[in-house]
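Below you'll find the structure, written out as structure tokens, and then a few comments.
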Amino acid sequence: MNFEVSNYALHHLRSRLPRICIALFAANPADLMQKIEVAAHDNSLLELRLDYLPRPALLFPKLKQFTAFHRDIVLIATCRRAPNGGKFRGTPTSQVDILLKAAAAGCQLVDIEVETAKSLKAKDMDRLRRSCSLVISSHDYRGTRKLEETWEQMREFSPDYIKIVSTARTLSDNVKMMRLLEQRSDIVSTVGVCMGEQGVISRVIGVRAGSAFTFAAAQSGEETAPGQITARVLRDVYRIDMVDAATKIYGVAGDPVGHSLSPQMMNTAFRRENINAVYLALQTADASDLLKCVREIPIQGLSITMPLKQAIVEHLDKTDALTEKIGACNTLIRSQEGKLYGFNTDVAGVVRPLEQRLNLAGSRILVIGAGGAARAAVFGLRDRGAEVWVMNRTAEKGQKLARQAHGHYVSHSQLRKLDFDVIVNATPVGMSASRPQSPLEEPELRAKYVFEMIYTPAETKLVKMARAKGIQVILGSEMFVHQGARQFEIWTGKPAPANEMHRTVLHALGQNSNLGRPLTA
Ligand code: NAP
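In terms of numbering that gives the first Met the number 0, the sequence shown opens at residue 0 and continues consecutively.
Okay, structure coming up:
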């Protein structure tokens, strides 16, 4: 049944739209109907990608039955044409025909791309407008360019919604999208999203800048656009339903960060402590791009990871004394006046688990490695009065670290003669391709504790050898939680919910939570 969309109906529609629209597709009508039924249990706004169906019209009889019984569900019909990134190969007029049938089957909104709208006759656009609410959309698969100009072109069609989608090539592209939303979404309801790994900021906090809603995948592997996040992650990890103007933004910045466990761990901590904040994965190797976002979004605090740990230091207004000695910063906080302060919480990640088990002053500790994590361990342990030996593949680098920290250098061949309280592995030996390897042989493990920094796999060869010898082990996941807990404290001034964070990390690693003993941060 066609009906003229009144202002009242449109207002009613807008007022009941949730923040997430699930994009659904399938290869045949039966599968798509099944997905609609399942998604409708938890979601009241669904986009149907009709262009994935070889014969979309076969969906409509069943869809009509569904919409008759589910008046609370809002459906957007999209039949994206191939030249605009979709799969539909018919003419613009046949596309309009399908969308009109979708509206007659109960879809309240239809989406038509601006390129097609330009090629249609005015009477076709009028037919669409009379049948349902109209979304005019634009997709830039190459970058984030000419947003204002594109938005104005779409506005000329008097749509009920403008959907503007670009591709983030830098983190700052999200800022451009946010500015557009802030300035225009009051004029015409607008949905603005940046695609790609670097567009995650816009997908989570675009709604705060005025985006009418955002798009999400029903399941992992069912994304309809690059960088799309699942609805479950948007709700449970990023808590998109509570993001508002007061929500503080934090994140982990580096490259790669796609598989970082920090967003899960930190968002758990914020939720647990009732802090109105969200923590995002910010993919970049460019410190200037990152700092632009810190200033303009603004971002309140960052975990800094490779390759930015050293590069970020020169951009900071101040660092603590240990961070300066280590020469690497893994934590940034932005003051209210916009000043940037740097810390290194890898130190806490090493020192705290050890302090809970032994008295560090005067204890004998071997650190294997001389990279960033080893430097944090050596300076942090020396600061607590431990006697530290350094061993490293490249001897000169190890010797330099030992000298700087007033410790000792030891070569591999001397190890069998020495006993330690703790041996710390600060190399990647035991992970990825070197999984079957250990940095030390069994007779060289002469210590009360082995501290393994690697956390994937949970049980490296070194850890297994140590356990077999009756040596107590401290796992990399414990270090990871402690360095994160210290970041949480620096950012919020509150104690971190370390046990909750640890459980989240172990769960994400697929480990039994009994592996970790209770933590106190
Ligand atoms: P990095 O700066 O790249 O340093 C790596 C160190 O390992 C260097 O001293 C390097 O020796 C040595 N190394 C690399 N490959 C080796 C090999 N095949 N044999 C012997 N030595 C080797 O790395 P990083 O940031 O310090 O990280 C080191 C490890 O700690 C990584 O596994 C990282 O995942 C882990 N980590 C864990 C946490 C946590 O929270 N659990 C935090 C930070 C780091 P050369 O000097 O000879 O190159």
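Each residue gets a CB set at the ideal place from its N, CA and C atoms; glycine is no exception.
Worksheet item: For M430, does the three-state DSSP call read helix, strand or coil?
Response: strand
Fill in: For R445, the first and last residue of its enclosing beta strand (DSSP E)
Neither: R445 is in no beta strand (DSSP E) and is coded neither H nor E.
Discussion item. Considering just the uninterrupted stretch of the alpha helix (DSSP H) at K399, what are its terminal residues?
Written reply: 394-403
Worksheet item: So, does the CB of S334 fall closer than 9 Å to a CB anywhere in chain D?
Response: Here there is only one protein chain, and chain D is not present.
Item to complete: Put A22 into one of helix, strand or coil per three-state DSSP.
Response: strand
Discussion item. If you reduce the DSSP assignment to three classes, tell me which class N1 lands in.
Written reply: Any reading at N1 is ruled out, since the residue's pLDDT is 41, under 50, leaving its predicted position unreliable.
Fill in: For G371, three-class secondary structure by DSSP
helix
Discussion item. If contacts are defined as beta-carbon pairs under 8 Å, then S137 and I97 qualify, I think. What distance do you get, rounded to the angstrom?
Written reply: At roughly 20 Å, the Cβ-Cβ gap does not stay under 8 Å, so S137 and I97 are not in contact.
Worksheet item: Does DSSP put K145 in a helix, in a strand, or in coil?
Response: coil
Item to complete: Look up V109 in the DSSP assignment and give the residues it is bridged to.
Response: A76, L133
Fill in: Residue burial classification, P297 (beta-carbon count within 10 angstroms, cutoff 16)
exposed
Item to complete: Have a look at L202 and L279 and give me their C-alpha separation to the nearest angstrom.
Response: Note that residue 202 is Arg in the sequence shown here, rather than Leu. Distance between the alpha carbons of R202 and L279 is about 10 Å.
Item to complete: On the DSSP bridge assignment, give the partners of Q152 in chain order.
Response: In DSSP, Q152 forms no bridge with anything.
Worksheet item: With a CB to CB cut of under 8 Å and the five nearest residues on each side skipped, what residues in its chain are close to S512?
Response: Its pLDDT being 47, under 50, S512 is placed unreliably by the model, and nothing is read from it.
Worksheet item: G348 to Q282, Cα distance in whole Å?
Response: 23 Å
Worksheet item: First and last residue of the beta strand (DSSP E) that includes V387?
Response: 386-390
Discussion item. Please report the distance separating the alpha-carbon of T304 from that of V37.
Written reply: 39 Å
Item to complete: Let me know the secondary structure DSSP gives L565 once reduced to three states.
Response: Shown here, the chain extends from 0 to 520; a query on residue 565 therefore has no answer.
Practice prompt. Mind reading off the beta-carbon distance from G300 to I325? Whole number of angstroms is fine, and I expect it under 8 Å.
Written response: Contact doesn't hold; Cβ gap of about 19 Å is too wide.
Discussion item. Tell me the rounded alpha-carbon separation between F450 and M430.
Written reply: 15 Å
Item to complete: With distances taken Cα to Cα, identify the nearest neighbour of V293 among Q471, N424, Y249, L62.
Response: Y249
Worksheet item: Who are P282's beta bridge partners in DSSP?
Response: The sequence shown places Gln at residue 282, rather than the Pro named in the question. DSSP lists G253 as partners of Q282.
Practice prompt. In the DSSP assignment, find the beta strand (DSSP E) that holds R333 and state where it starts and stops.
Written response: 330-333
Worksheet item: Looking only at its own chain, which residues have a Cβ that is under 8 Å from the Cβ of Q94, when we skip the five neighbours before and after it?
Response: C78, R80, F87, I111, T115
Worksheet item: Can we count R294 as close to ligand 1, meaning its CB is less than 8 Å from some heavy atom?
Response: no
Worksheet item: Between N391 and ligand 1, is the CB less than 8 Å from at least one heavy atom?
Response: yes
Practice prompt. Report all residues from its chain with a CB closer than 6 Å to the CB of S157; omit the five preceding and five following residues, and keep chain order.
Written response: none
Practice prompt. Flag Q398 as yes when its Cβ comes closer than 8 Å to any non-hydrogen atom of ligand 1, and as no otherwise.
Written response: no
Worksheet item: Could you give the distance in angstroms between the alpha-carbon of C328 and the alpha-carbon of G341?
Response: 6 Å
Practice prompt. Classify N343 as helix, strand or coil using the three-state DSSP reduction.
Written response: coil
Discussion item. Are there any heavy atoms of ligand 1 lying less than 8 Å away from the beta-carbon of G607, as far as the coordinates show?
Written reply: With the chain running from 0 to 520 in the structure shown, residue 607 is simply not present.
Worksheet item: Looking only at DSSP bridge pairs, what is I473 linked to?
Response: F450
Discussion item. In whole angstroms, give me the CA-to-CA distance for G384 and R356.
Written reply: 15 Å
Worksheet item: When you compare only the Cα positions, how much space is there between H69 and E488?
Response: 47 Å
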